[in-house]
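Working notes, structure below.
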Amino acid sequence: MSWMVLLAASAGIALVVAFLLLLYLASPLASPKPLSLSGAHVVVTGGSSGIGKSIAVECFKQGAFITLIARNESRLLEAKKEIEKYSINDKQVVHAISVDVSKDCADMERVLKQAQEKLGPVDMLVNCAGTSVNGKFEDLESSRFEQLMAINYLGSVYSTRAVVATMKERRMGRIVFVSSQAGQVGLFGYSAYSATKFALRGLAEALQMEVKPYNIYVTVAYPPDTDTPGFAEESKTKLLETKLISESSSVCQPDHVARVIVKDAVQGKFSSSVGTDGYMLTILTSGMSPISSIAEVLEAVILMGFFRFIGLFYIASFDSIVHRCMVQKEKSEKTD
Ligand SMILES: NC(=O)c1ccc[n+]([C@@H]2O[C@H](COP(=O)([O-])OP(=O)(O)OC[C@H]3O[C@@H](n4cnc5c(N)ncnc54)[C@H](OP(=O)(O)O)[C@@H]3O)[C@@H](O)[C@H]2O)c1
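According to our numbering, numbering within the sequence shown proceeds without interruption in unit steps and concludes at 449.
This is the structure:
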């Protein structure tokens, strides 16, 4: 009798495994059709520096026409010249627009209308303009919370509003929101920054449900620490706790991060992550996020519990860093 139960259980497990394998193999069939960047018009906000500039280079290398958006005109012109070196045909154009993405929705609609008159309708919008600030919650001026929300969140809302109607009419397009690993997990010193990057995820999920029937795919990218001018600037004033916590992962190069983001956006993947930490965080935070492929869902179902277990060690180590820093600070205050 017992061997019959064992046999039935083994057959059940084999059936489940075969079913999962079949789903995994059929996964590419369920994924969106990749977007060709050859001749496509790609708009990159924050395209004059760091990750945004590398994304523009990557798209240009694949034959795209580029509109760069940022505020500082001389940095825009330098970036334009640098990107133009990577052209693969003599028709390609880099168009640069100086505007503050956070100021006014009407402004963004006006400049993106001009860009579309020059280079045609936007096929892919990359919302990369952003900034960060590191500091303890009570030490940060409340205006910093407003400023970060305006640039990192509202700047992405305004730019997206300026292109989404045309994308819907054309029934095609890609919209990328550059969040951060700090948009997946809140860490010491990032109360202002993390909130803006988590907000992008909520925006992206709701928007994806609205635009999917129009063949438009939204990607949220969660870069790790990346060696950019913005990162160097932030590092100058980084709190000791944040520094020690960040040391648990290495700093990536912007070109590598950009290649991953562009590849995932072209394929219509909802979440884009870099490296093992990024993969683990994306599985852990997948929750009710849109489904890009069956393979991804299966990976999440199988790995989530295990990753939650590993994550506990990270959380314990981060908590211990914060506690040690507090004790040390209190000791040195007493001796002063
Ligand atoms: N580097 C990292 O470690 C890291 C990690 C995770 C996520 N990220 C995110 O990735 C994005 C790019 O970061 P990065 O490190 O490459 O930064 P970066 O080197 O400082 O570049 C930021 C870009 O955004 C533009 N920008 C900033 N504020 C703007 C505004 N109000 N209007 C228009 N353009 C604006 C800047 O040009 P102007 O100043 O001339 O306007 C510049 O082109 C940001 O959203 C950041 O939060 C970065």
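Built from N, CA and C at the ideal position, the CB exists for glycine as well.
Where the alpha helix (DSSP H) containing residue i begins and where it ends
i, result
"residue 209", "That residue, residue 209, is in no alpha helix (DSSP H); its beta strand (DSSP E) goes 207-211."
"residue 358", "353-359"
"residue 99", "This structure leaves residue 99 out entirely; the chain is present only between 114 and 449."
"residue 157", "That residue, residue 157, is in no alpha helix (DSSP H); its beta strand (DSSP E) goes 154-158."
"residue 384", "Counting along the chain, residue 384 falls outside any alpha helix (DSSP H), though it belongs to the beta strand (DSSP E) covering 384-386."
"residue 261", "255-261"
"residue 321", "304-324"
"residue 163", "163-174"
"residue 196", "186-197"
"residue 370", "367-380"
Residue from the options with nearest C-alpha to residue i
i, options, result
"residue 435", "352, 148 and 401", "352"
"residue 243", "225, 250 and 266", "266"
"residue 338", "308, 238, 163 and 412", "163"
"residue 298", "288, 314, 442 and 224", "314"
"residue 308", "343, 439, 260 and 347", "260"
"residue 250", "425, 373, 177 and 300", "300"
"residue 233", "256, 206 and 219", "206"
"residue 253", "209, 223, 292 and 306", "306"
"residue 402", "161, 437, 322 and 428", "322"
"residue 193", "157, 131 and 225", "157"
"residue 420", "115, 150 and 395", "395"
"residue 216", "341, 262 and 443", "262"
"residue 410", "121, 383 and 327", "383"
"residue 172", "372, 425, 345 and 336", "372"
"residue 296", "397, 213 and 346", "397"
"residue 316", "224, 354, 347 and 269", "269"
Short Cβ contact (8 Å threshold) for residue i with residue j
i, j, result
"residue 183", "residue 189", "yes"
"residue 365", "residue 331", "no"
"residue 167", "residue 367", "yes"
"residue 370", "residue 239", "no"
"residue 279", "residue 235", "yes"
"residue 221", "residue 271", "yes"
"residue 433", "residue 413", "no"
"residue 196", "residue 179", "yes"
"residue 334", "residue 405", "no"
"residue 378", "residue 285", "no"
"residue 291", "residue 241", "yes"
"residue 427", "residue 361", "yes"
"residue 329", "residue 288", "yes"
"residue 136", "residue 407", "yes"
"residue 201", "residue 226", "no"
"residue 324", "residue 376", "no"
"residue 294", "residue 147", "no"
"residue 150", "residue 176", "yes"
"residue 247", "residue 350", "yes"
"residue 181", "residue 152", "no"
Residue i - DSSP class collapsed to helix/strand/coil
i, result
"residue 404", "coil"
"residue 232", "helix"
"residue 241", "coil"
"residue 431", "helix"
"residue 414", "helix"
"residue 339", "strand"
Beta strand (DSSP E) segment containing residue i, residue limits
i, result
"residue 280", "Segment 268-283 is the alpha helix (DSSP H) holding residue 280; no beta strand (DSSP E) there."
"residue 183", "178-183"
"residue 334", "329-335"
"residue 290", "286-291"
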